[in-house]
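Student:
2 protein chains.
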Amino acid sequence: MIRESILAPFLLSLRARDSVSPEDAARLEALPWRLRDAKADEEFILEGSQTHDSCLVVSGYATRIRHLSDGRRQLTAVHIAGDFVDLHSLHLNRMDHAVTALSSCRLAFVSHSALLDMFEAAPHMALLLWKTTVIDAAIQRAWIVCLGRLSAPKHLAHLLCELCIRLSVIEQTRNGTFDFPVTQQELADMLGLSIVHTNRSLQELRATELVVWNRNRVTIPDFAKLADYAEFDPTYLNLKNIPAGPN
Amino acid sequence: MIRESILAPFLLSLRARDSVSPEDAARLEALPWRLRDAKADEEFILEGSQTHDSCLVVSGYATRIRHLSDGRRQLTAVHIAGDFVDLHSLHLNRMDHAVTALSSCRLAFVSHSALLDMFEAAPHMALLLWKTTVIDAAIQRAWIVCLGRLSAPKHLAHLLCELCIRLSVIEQTRNGTFDFPVTQQELADMLGLSIVHTNRSLQELRATELVVWNRNRVTIPDFAKLADYAEFDPTYLNLKNIPAGPN
DNA sequence: CGACGTATTGATAGACATCAATACCAGTGG
DNA sequence: CCACTGGTATTGATGTCTATCAATACGTCG
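Line by line, the protein sequences give chains A and B. In the numbering used here, each number is its position in the first sequence, counted from 1, plus 22. In the numbering used here, each number is its position in the second sequence, counted from 1, plus 22.
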């Protein structure tokens with residue numbers, strides 16, 4: 023039996039947005055990846071560090087996190103399997119934030135020099151990876167809009183819509199159900215809310231039956247309804263085919 | 023007398039973060055730029071549009087804006103001279119937001135195909151421009167943190183710190199003074215606040231003499247003090263030399 | 001001078017934070 | 001098997017921040 027490629031989710035994610043030739047996929051496979059597992063809560067890229075590798079999430083959930091002086095935190099992104107979390111470091115001197123595992127994660131690291139060599143040999147690969155960072159930026163803009171202009175429950179709903187679509191791209195949803203292994207504290211730090219208000223916002227979504235959430239398992243019974251409620255427009259995810267809803 | 027290059031601020035911005043050889047600067051100069059002026063409030067890149075050019079701000083102020091269904095708005099970025107506003111469109115199918123002039127602006131457009139030709143001829147140029155989009159993304163992360171975890175006055179203070187540093191890079195500050203031609207409504211839409219509360223937050227900064235703001239002219243008398251108040255850490259702007267303060 | 005957009009002020013309501021307690025739940029050791 | 005423990009979730013009460021509504025003032029332009 024053939025081993026599933028560690029790049030499978032990454033390729034799913036790329037191909038949902040662009041065509042990727044078999045040769046290009048082979049180029050990515052040929053990179054000298056080094057695998058590593060991270061436990062939940064492990065901060066595997068340190069704030070302020072200078073790195074010489076970039077990091078791809080193979081499985082599990084990770085997050086970008088910024089710590090404030092008084093100990094409060096804000097998460098600025100959630101990353102799922104297939105996300106090339108840390109292409110930034112290829113360009114940035116010093117990390118302005120940390121990257122932490124939300125669940126236990128499998129990570130694949132590749133050195134900057136190997137990436138640069140690949141770009142030298144096949145310049146269009148830079149465009150392909152560039153695009154992934156541009157889409158990450160689009161997601162961040164959506165977060166800005168949510169933080170600035172949506173109520174707490176709608177913001178939470180929007181986040182779940184986004185996750186559902188992104189996870190469906192990498193085939194991690196079933197009938198509108200997906201894993202989302204976060205504590206309410208972590209959720210609060212994504213939404214820029216207190217933990218108490220996060221809890222109440224979640225209960226509001228439960229009460230209106232827009233969302234079912236047991237432990238780490240989220241179900242969206244009626245995606246269109248939730249998307250409408252949250253003013254979710256998936257354009258920013260830049261998918262070739264917008265899924266009508268969860269599969 | 024030699025005409026000042028329309029790329030002068032862009033090169034200042036690039037060189038504050040990276041070394042750019044004269045040849046590379048010449049490559050950028052050689053692109054087939056088309057100049058265009060935009061009046062204040064003109065939406066020069068439409069939400070939902072598909073474009074075949076990218077756009078650089080030569081002078082003036084522009085902003086990325088997202089409109090919500092009920093007419094409310096959220097600005098997700100402020101762009102100043104030297105910002106390559108719209109490299110995104112090189113990668114994204116459809117704009118998920120509009121780009122609008124805050125003041126009258128001079129813009130320089132270049133076709134995607136010309137950019138791609140340049141990358142073909144000189145692949146490292148893609149890395150250079152990629153980097154600018156990565157820095158934009160870092161700024162957006164900072165905005166997320168501000169929106170999520172800073173009080174209104176601190177958020178405003180943080181925004182002014184960021185602008186002051188970015189403007190000083192392109193030599194648009196003098197003694198801590200710079201132009202910022204926005205209405206309080208626009209400011210409110212950046213900060214995710216109501217206009218009334220924006221006004222009161224501004225007055226608080228005035229009362230504590232952290233900021234002087236007359237018309238469109240902002241002065242920061244003591245940058246270190248304001249930065250401390252706003253928990254501003256300029257790491258994310260990725261400058262080679264962090265200016266100690268305004269010049 | 002009048003008109004319009006913008007800024008400012010006051011009063012009130014709503015959203016969200018904070019504090020403090022209680023409930024739940026998986027894991028541990030007796 | 002069960003009590004204990006520590007983390008997480010939930011609830012209630014209260015306070016603060018921010019939004020909204022409604023005036024009024026200011027400033028530029030015709």
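Backbone N, C-alpha and C fix where the C-beta goes; we use that ideal spot for every residue, glycine too. Keep in mind that this is a model prediction, so the values were computed, not measured.
Nearest-angstrom Cα distance between V167 of chain B and V218 of chain A?
Tutor: Rounded to the nearest angstrom, the two C-alpha atoms are 19 Å apart.
Student: Excluding the five sequence neighbours on either side, which residues of its own chain have a C-beta within less than 7 Å of the C-beta of K61 of chain A, listed in chain order?
Tutor: Result list for K61 of chain A: A123 and S126, in chain order.
Student: The alpha helix (DSSP H) with H134 of chain A in it runs from where to where?
Tutor: Counting along the chain, the alpha helix (DSSP H) containing H134 of chain A begins and ends at H134 to A143.
Student: Tell me, to the nearest whole angstrom, how far the beta carbon of A174 of chain B is from that of L215 of chain B; I am working on the premise that it is less than 8 Å.
Tutor: So it is a contact: roughly 6 Å between Cβ atoms.
Student: Just verifying my parser: in three-state terms, what is the DSSP assignment at Q72 of chain B?
Tutor: Of the three classes helix, strand and coil, the one that applies to Q72 of chain B here is coil, per DSSP.
Student: Any beta carbon from chain B within less than 9 Å of G104 of chain A's own beta carbon?
Tutor: Chain B, which has no Cβ nearer than 9 Å to the Cβ of G104 of chain A, makes this no.
Student: Just the Cα atoms here: how many angstroms apart are L97 of chain A and H89 of chain A?
Tutor: The straight-line gap from Cα to Cα measures roughly 9 Å.
Student: With C-beta atoms as the reference, is L29 of chain A less than 9 Å away from L57 of chain A?
Tutor: Contact: no.
Student: Tell me which residues share the same chain as T73 of chain B and place their Cβ nearer than 6 Å to its Cβ, disregarding the 5 neighbours each side in the sequence.
Tutor: Cβ within range, chain order: S111.
Student: Per the DSSP calculation, A120 of chain A is bridged to which residue(s)?
Tutor: A:I87.
Student: I need the straight-line Cα distance from D118 of chain A to R237 of chain B, nearest angstrom please.
Tutor: When rounded, the distance between both Cα atoms is 34 Å.
Student: Rounded to whole angstroms, how far is the Cβ of C186 of chain B from the Cβ of G170 of chain B, which I believe are closer than 8 Å?
Tutor: Not really, about 22 Å apart at Cβ, beyond 8 Å.
Student: Among residues of its own chain, excluding the 5 on either side of I87 of chain B, which ones have a beta-carbon nearer than 7 Å to its beta-carbon?
Tutor: Result list for I87 of chain B: R95, L97, H119, A120 and T122, in chain order.
Student: Can the beta-carbon of H146 of chain A be found less than 9 Å from the beta-carbon of D46 of chain A?
Tutor: Yes.
Student: Using only CA atoms, which one of A:H113, A:F131 and A:A130 lies nearest to W152 of chain B?
Tutor: The residue with the shortest Cα to Cα distance from W152 of chain B is A:H113.
Student: Tell me, please, whether the CB atom of H110 of chain A is closer than 9 Å to any CB atom in chain B?
Tutor: Yes - at least one Cβ of chain B is within 9 Å of the one on H110 of chain A.
Student: Does D201 of chain A have its Cβ less than 9 Å from a Cβ in chain B?
Tutor: Judged by the 9 Å Cβ criterion, D201 of chain A is not in contact with chain B.
Student: Kindly say whether G70 of chain B, judged by its beta-carbon, lies nearer than 9 Å to any beta-carbon of chain A.
Tutor: Chain A contact via Cβ: present.
Student: 9 Å is my cut-off, CB to CB: does L169 of chain A come that close to chain B?
Tutor: With 9 Å as the cut-off, L169 of chain A counts as an interface residue toward chain B.
Student: So, is the C-beta of H119 of chain B closer than 9 Å to a C-beta in chain A?
Tutor: Yes, contact with chain A.
Student: Which value, in whole angstroms, describes the spacing of the CA atoms of V80 of chain A and H101 of chain A?
Tutor: Looking at the two C-alpha atoms, the distance is approximately 10 Å.
Student: Taking the CB atoms as reference points, tell me whether I192 of chain B and N260 of chain B lie closer together than 9 Å.
Tutor: No, they are not a contact pair.
Student: How would you call L109 of chain A, buried or exposed, if buried means at least 16 neighbouring beta carbons within 10 angstroms?
Tutor: L109 of chain A is buried by the Cβ-count criterion.
Student: Starting from the beta carbon of Q96 of chain A, find every residue of chain B whose beta carbon is closer than 7 Å, and list them in chain order.
Tutor: What Q96 of chain A touches in chain B: I166, V167, G170 and R171.
Student: Does the CB of Q16 of chain B have a neighbour CB from chain A at under 9 Å?
Tutor: Not covered by the structure: residue 16 of chain B. The range shown for chain B is 23 to 269.
Student: DSSP three-state label for H101 of chain A, please.
Tutor: Strand.
Student: Starting from the beta carbon of L6 of chain A, find every residue of chain B whose beta carbon is closer than 7 Å, and list them in chain order.
Tutor: A query on residue 6 of chain A cannot be resolved here, the shown segment of chain A reaching from 23 to 269 and no further.
Student: Excluding the five sequence neighbours on either side, which residues of its own chain have a C-beta within less than 8 Å of the C-beta of E253 of chain B, listed in chain order?
Tutor: Contacts found: L172, K176 and H180.
Student: Put A60 of chain A into one of helix, strand or coil per three-state DSSP.
Tutor: Note: A60 of chain A maps to strand in three-state DSSP.
Student: List the residues of chain A that F141 of chain B touches, going by C-beta distances under 9 Å, in chain order.
Tutor: Result: P145, H146, A148 and L149.
Student: Decide if T85 of chain B is buried, meaning its Cβ has at least 16 other Cβ atoms within 10 Å, or exposed.
Tutor: Classification for T85 of chain B: buried.
Student: Classify R94 of chain A as helix, strand or coil using the three-state DSSP reduction.
Tutor: DSSP places R94 of chain A in coil when its eight states are reduced to three.
Student: Using DSSP with H/G/I as helix, E/B as strand and the rest coil, what is I264 of chain B?
Tutor: I264 of chain B: coil per DSSP, three-state reduction.
Student: Of all the CB atoms in chain B, is at least one closer than 9 Å to the CB of R88 of chain A?
Tutor: Yes, R88 of chain A counts as interfacial toward chain B.
Student: With distance defined between alpha-carbon atoms, name the residue in A:L53, A:A99 and A:S43 nearest to M140 of chain A.
Tutor: When only C-alpha atoms are compared, the closest one is A:L53.
Student: Kindly indicate the opening and closing residues of the alpha helix (DSSP H) around I187 of chain A.
Tutor: Residues A174 to V191.
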